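Residue numbers (our numbering): 1 to 118.
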Amino acid sequence: MIDKYLSVLTLTASIVGSLMAIAPAFAGSTGNTINNVDVYDGMGGGGKPVTRVRNSRGRIVNPSGANVHNDIQIGVSDTCGKSKNTNNTEYSGSTGASVSVNVDVCNPIYNNSTTNGR
Numbered sequence: 001m002i003d004k005y006l007s008v009l010t011l012t013a014s015i016v017g018s019l020m021a022i023a024p025a026f027a028g029s030t031g032n033t034i035n036n037v038d039v040y041d042g043m044g045g046g047g048k049p050v051t052r053v054r055n056s057r058g059r060i061v062n063p064s065g066a067n068v069h070n071d072i073q074i075g076v077s078d079t080c081g082k083s084k085n086t087n088n089t090e091y092s093g094s095t096g097a098s099v100s101v102n103v104d105v106c107n108p109i110y111n112n113s114t115t116n117g118r
């Protein structure tokens, strides 16, 4: 009798566990956060301008609830404003922010500046 009871208990636990594992597959995705960060270090690149185009896409299937995406692109170079960043983002099923930052300083070594005595 104890063996039958343990067998039924094990079978019940297996069925309940499998149903709990299947349930999220049919539910909407809730509370997802997508974070994409891309950093480019172009310092010391010999003064050669860099044009970077980045395409970032994502899709949340069956969105329900708060789904958020944060996409950040940062470029640092020393070409005196000649380098460019473009961050193209597309995320369906979520809301959020897409940010592109380009920090491009003047390096007198590469720009033959007459004010390099500083």
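Each residue gets a CB set at the ideal place from its N, CA and C atoms; glycine is no exception. Just so you know, these numbers come straight off a predicted model, no measurement behind them.
Check the C-beta distance from residue i over to residue j and give it rounded, since I have them as a contact under 8 Å.
i	j	result
SER94	ILE34	7 Å
ASN36	ASP71	5 Å
VAL39	ILE74	5 Å
Could you have a look at residue i and say whether DSSP puts it in helix, strand or coil?
i	result
ILE109	helix
ALA97	strand
LYS84	strand
ILE34	strand
VAL61	coil
ASN55	strand
ASP71	strand
VAL50	coil
ASP41	strand
ASP78	coil
Less than 7 Å between the beta carbons of residue i and residue j, yes or no?
i	j	result
GLY47	TYR110	yes
VAL76	ASP41	yes
GLY31	GLY65	yes
Counting Cβ pairs closer than 8 Å, one from the stretch 77-92 and one from the stretch 45-63, do we hit at least three? yes
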